[in-house]
Amino acid sequence: MKKQLLSALFILFMVLPAGLSARDQAGGKVTRADVLVYGSTPGGVCAAIAASREGASVILLEPTDHVGGLNTGGLSFSDSNQTVRSTLMGLFDEWHTRIEQDYAARGIRLPYQVRIKDQSKWTYEPHVAQRVTNQMLKEANVKVLTKHSLQSVTKEGTRITGLTAGKANFAASTFIDATYEGDLMAAAGVSWTIGREGKAEFGESLAGKRYPKSRMDIDGFDSDGQILPFITTTDAGPEEEGDSNVMVYSFRLCLTEDPANRVPFPKPDHYDPARFEVMRRFAKAGGRLGWDLYPLPGGKLDGNNSIGGQFSLGLVGAGNGWSEADAAGRAVIWEKHKQYTLEFYHFLTTDPAVPEKIRKSYARLGLCKDEFPEYGHFSPALYVREGRRMRGMYVLSQKDILEEPEKQDPIAVSSFPIDSHDCQRIALKDGGVINEGTIFPVRKSSPKQGYAYHVPYRSLLPQPEECSNLIVPVALSCTHVGISSLRVEPTWMVLGQSAGVAAALSARKDVSVQELPYKLLRDRLLAQGQVLELPPPTEANEEMLSIDPKTLPGIVLDNQSARLSGQWSHSTNFKPHIGKGYLHDEKRGDGKATAVFRFKAPQSGRYQILMAYSAHETRAKNVPLTVSSGTEKSTLVVDQTRALPQGKQFRPLGIVALEGNMETTITMTNDNTNGFVILDALQLLPVK
Numbered sequence: 068m069k070k071q072l073l074s075a076l077f078i079l080f081m082v083l084p085a086g087l088s089a090r091d092q093a094g095g096k097v098t099r100a101d102v103l104v105y106g107s108t109p110g111g112v113c114a115a116i117a118a119s120r121e122g123a124s125v126i127l128l129e130p131t132d133h134v135g136g137l138n139t140g141g142l143s144f145s146d147s148n149q150t151v152r153s154t155l156m157g158l159f160d161e162w163h164t165r166i167e168q169d170y171a172a173r174g175i176r177l178p179y180q181v182r183i184k185d186q187s188k189w190t191y192e193p194h195v196a197q198r199v200t201n202q203m204l205k206e207a208n209v210k211v212l213t214k215h216s217l218q219s220v221t222k223e224g225t226r227i228t229g230l231t232a233g234k235a236n237f238a239a240s241t242f243i244d245a246t247y248e249g250d251l252m253a254a255a256g257v258s259w260t261i262g263r264e265g266k267a268e269f270g271e272s273l274a275g276k277r278y279p280k281s282r283m284d285i286d287g288f289d290s291d292g293q294i295l296p297f298i299t300t301t302d303a304g305p306e307e308e309g310d311s312n313v314m315v316y317s318f319r320l321c322l323t324e325d326p327a328n329r330v331p332f333p334k335p336d337h338y339d340p341a342r343f344e345v346m347r348r349f350a351k352a353g354g355r356l357g358w359d360l361y362p363l364p365g366g367k368l369d370g371n372n373s374i375g376g377q378f379s380l381g382l383v384g385a386g387n388g389w390s391e392a393d394a395a396g397r398a399v400i401w402e403k404h405k406q407y408t409l410e411f412y413h414f415l416t417t418d419p420a421v422p423e424k425i426r427k428s429y430a431r432l433g434l435c436k437d438e439f440p441e442y443g444h445f446s447p448a449l450y451v452r453e454g455r456r457m458r459g460m461y462v463l464s465q466k467d468i469l470e471e472p473e474k475q476d477p478i479a480v481s482s483f484p485i486d487s488h489d490c491q492r493i494a495l496k497d498g499g500v501i502n503e504g505t506i507f508p509v510r511k512s513s514p515k516q517g518y519a520y521h522v523p524y525r526s527l528l529p530q531p532e533e534c535s536n537l538i539v540p541v542a543l544s545c546t547h548v549g550i551s552s553l554r555v556e557p558t559w560m561v562l563g564q565s566a567g568v569a570a571a572l573s574a575r576k577d578v579s580v581q582e583l584p585y586k587l588l589r590d591r592l593l594a595q596g597q598v599l600e601l602p603p604p605t606e607a608n609e610e611m612l613s614i615d616p617k618t619l620p621g622i623v624l625d626n627q628s629a630r631l632s633g634q635w636s637h638s639t640n641f642k643p644h645i646g647k648g649y650l651h652d653e654k655r656g657d658g659k660a661t662a663v664f665r666f667k668a669p670q671s672g673r674y675q676i677l678m679a680y681s682a683h684e685t686r687a688k689n690v691p692l693t694v695s696s697g698t699e700k701s702t703l704v705v706d707q708t709r710a711l712p713q714g715k716q717f718r719p720l721g722i723v724a725l726e727g728n729m730e731t732t733i734t735m736t737n738d739n740t741n742g743f744v745i746l747d748a749l750q751l752l753p754v755k
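Residue numbering for the sequence shown is 68 to 755, as defined by my numbering.
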């Protein structure tokens with residue numbers, strides 16, 4: 068894992084010596100505001116509008132010529148359908164309501180109503196999203212300046228005093244970094260990280276390497292023994308450890324089959340069929356190629372990278388280095404992704420290895436004549452799913468999402484599933500190719516929402532000794548597992564609005580962002596329509612706690628108290644379960660998934676050991692369990708296909724001897740197991 072304050076590789080920005088003003092650096096006029104927002108992502112747009120509505124003067128700087136990020140750049144299928152929508156109010160709700168009104172004013176009725184907070188699929192066309200975004204910024208009197216790429220930052224002590232962007236100088240009382248990449252925070256000397264943590268760093272079972280997808284039975288090497296194009300490595304690294312890889316980037320394509328509005332895909336430059344050999348082999352082996360398509364108004368489709376697909380719109384591995392690159396470096400990476408997208412479409416529609424039915428279905432698609440005309444109808448926004456992440460006052464991790472959702476300083480309720488796309492593609496030396504890094508959505512089964520949890524204000528704040536007038540709502544302080552849930556536009560819009568309110572209040576009160584009284588912030592957030600209360604169990608998270616282990620007799624060891632190694636996945640699909648869910652090993656049977664419980668029995672003696680699990684025919688019949696206590700050691704083999712006794716939560720396994728006041732360890736593994744290994748809870752009852 069690469070962690071740093073300012074890397075030697077980070078050459079785009081520099082922090083100037085304290086006391087050197089923007090005028091001194093660039094020798095020009097300084098434009099001032101109460102709040103300056105850098106990055107017109109959805110979070111940045113909402114931050115700017117919210118700060119202005121609090122009475123602050125606001126400048127919104129955008130390094131490119133496109134305003135609105137993914138919301139106006141092709142992502143036209145709102146990810147809020149997998150969230151608790153009643154908690155997404157404020158500017159998010161207003162923006163979607165105004166989109167609905169825009170269509171209604173033209174006599175078009177959308178297949179959903181924003182006021183109804185169900186799981187309907189909310190969709191819109193990019194140009195409508197752009198129109199509404201521009202209107203809201205204009206009404207809020209936000210000064211929007213595009214093509215202003217950050218060049219340098221000035222600081223006095225812990226305060227940012229100004230910055231140079233493009234060829235202009237700016238100053239403000241409070242700054243907001245709303246970029247996907249965390250550019251301003253990095254330039255200001257704030258600690259950050261990128262990539263993935265290991266499992267042990269924050270105790271996250273979903274951290275480290277991930278292999279939920281099946282191995283592809285194809286050769287990943289060419290005739291010279293070199294890996295084929297679009298494969299990233301032959302060694303993914305230890306499963307327990309993190310790395311500097313980010314999840315895959317791609318474009319969200321606005322497409323149509325309507326001949327009257329269809330623009331043919333541009334032919335890719337220098338197309339080389341040999342580059343697609345690995346996909347050709349996959350197709351010949353019967354594999355599915357392509358991308359996900361979501362219907363939009365206007366007879367259009369939103370094309371998205373398929374999280375469950377083996378080969379799709381995402382260019383695996385090519386997003387690494389994006390955040391650390393300068394503007395020229397990002398332009399190269401952007402073009403590399405566009406070139407791949409055009410080549411992939413050309414391969415899908417022309418290569419004989421692709422089934423004819425698939426070739427014809429994609430050949431019917433084209434870009435939209437009435438979308439992105441100034442960009443050749445191609446999306447102007449690369450989907451940067453994950454960039455830098457601040458190491459701020461509070462690092463939000465897996466436990467905050469699944470185990471400890473309530474915080475004392477909430478500024479948002481987030482509820483998108485934990486969901487990461489691929490990070491690597493590996494050619495296995497013993498044969499086959501496998502994708503690594505996907506976290507398939509960790510969510511409730513019905514409705515398919517993520518688990519609701521608070522995002523604390525502290526996660527948006529740098530350490531006070533590093534910077535005292537900067538708020539970071541997009542590249543906020545969290546782990547890779549955390550950003551896998553936070554990383555969607557609905558959440559970033561709510562976080563952006565909260566950041567804008569906090570920035571305006573800090574400027575007005577002339578206090579550091581860390582010293583802003585939370586009660587004052589909370590009152591103003593509620594006044595702007597934010598929702599800060601977690602939804603009641605009946606609405607959003609009734610599955611999080613099935614049977615409270617504290618209500619059970621004897622020694623109860625829930626899966627949350629185990630020390631884990633190897634690959635475990637969280638689930639709540641089968642009920643009842645003990646605590647907030649259970650874990651399973653994804654049917655790997657590789658001996659690498661281990662859970663160790665350590666405890667002390669209150670007194671020596673014989674104990675009945677029982678296990679809670681969800682019995683099913685797909686479960687392993689030979690789960691090894693070892694109990695070691697002093698000189699005593701017992702080994703049991705558990706058949707998890709066997710049903711539990713009627714009306715009981717645990718099945719008795721046998722009798723074990725425990726030494727009192729001495730550490731006992733119980734170890735459960737998936738060594739050579741022949742089905743899913745379920746880790747829910749163990750219970751030990753003294754035998755009288």
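Ideal Cβ positions, reconstructed from N, Cα and C, are used throughout, including at glycine.
Since this is a predicted model, take the numbers as computed values, not measurements.
- Straight-line measurement puts the Cα of Gly563 at about 26 Å from the Cα of Glu223.
- Just so you know, the alpha carbons of Phe318 and Arg397 end up roughly 15 Å apart.
- Under the three-state reduction of DSSP, Lys466 is assigned to helix.
- In chain order, Phe297, Thr299, Val315, Asp489, Cys490, Gln491, Arg492 and Asn502 place their CB closer than 8 Å to the CB of Val383, counting only its own chain and leaving out the 5 sequence neighbours on each side.
- Using a Cβ distance threshold of 7 Å, Gln186 and Pro484 do not count as a contacting pair.
- A direct Cα-Cα distance of roughly 55 Å separates Arg173 from Ala682.
- Looking at the DSSP output, Leu752 sits in a beta bridge with Gln675.
- The residue from Asp393, Ser390, Glu307 and Pro422 with its alpha-carbon nearest to that of Gly357 is Pro422.
- In the DSSP assignment, Arg347 falls within the unbroken alpha helix (DSSP H) covering Glu344 to Lys351.
- Note on geometry: alpha-carbon atoms of Gly381 and Lys466 lie some 29 Å from one another.
- Within the DSSP bridge table, the entry for Leu217 names Ala232 as partners.
- Per DSSP, His444 has no beta bridge partner at all.
- Annotated as distal: Ile622 and Pro643, with beta-carbon spacing of 7 Å or more.
- As computed with DSSP, Leu251 is found in no beta bridge at all.
- DSSP places Cys545 in no beta strand (DSSP E); its state is neither H nor E.
- Below 8 Å, too few C-beta pairs join the stretch 167-183 and the stretch 584-600 to call them touching: fewer than three.
- In this model, Arg277 and Gly270 are separated by some 15 Å (Cα to Cα).
- Collapsing the DSSP output to three states places Leu158 in a helix.
- Bounds of the beta strand (DSSP E) holding Cys435 are Gly433 to Cys435.
- Distance between Lys214 and Thr190, taken at the CA atoms: about 29 Å.
- Around Met735, the same chain offers Ala662 and Leu692 as residues with beta carbons nearer than 6 Å, after the five sequence neighbours per side are excluded.
- In the structure shown, Val568 adopts helical secondary structure according to DSSP, grouped into three states.
- Per DSSP, the continuous alpha helix (DSSP H) segment holding Thr416 begins and ends at Ala394 to Thr417.
- The C-beta distance from Leu528 to Gly454 rounds to 18 Å, too long to fall under 8 Å, and the pair is not in contact.
- Here Glu268 is not near His547, since their CB atoms are 7 Å or more apart.
- Residue nearest to Val541 within the set Thr164, Trp389, Met457 and Gln168 is Met457 (criterion: CA-CA distance).
- If you draw a 10 Å sphere on the C-beta of Gln168, you find fewer than 16 other C-beta atoms in it, and that means exposed.
- Uninterrupted beta strand (DSSP E) stretches at least 3 residues long and entirely within the stretch 491-559 occur at 491-494, 500-503, 506-509 and 520-523, given in chain order.
- In summary, Asn387 is buried, with 16 or more beta-carbon neighbours lying within 10 Å of its beta-carbon over all protein chains present.
- With fewer than three CB-CB distances shorter than 8 Å, the stretch 389-408 does not count as touching the stretch 504-517.
- Within its own chain, the residues whose Cβ lies closer than 7 Å to the Cβ of Leu449, once the five positions on either side in sequence are excluded, are Tyr316, Phe318, Trp401 and His404, listed in chain order.
- For Ala662, there is no enclosing alpha helix (DSSP H); the residue is part of the beta strand (DSSP E) that begins and ends at Asp657 to Lys667.
- For Glu438, there is no enclosing alpha helix (DSSP H), as DSSP marks it with neither H nor E.
- Note that the C-beta distance between Val330 and Asn236 is not below 7 Å.
- Per DSSP, reduced to three states, the secondary structure at Glu600 is coil, with no helix or strand assignment.
- Non-local beta-carbon contacts of Thr417 in its own chain, meaning distances under 8 Å to residues more than five positions away in sequence, involve Arg426 in chain order.
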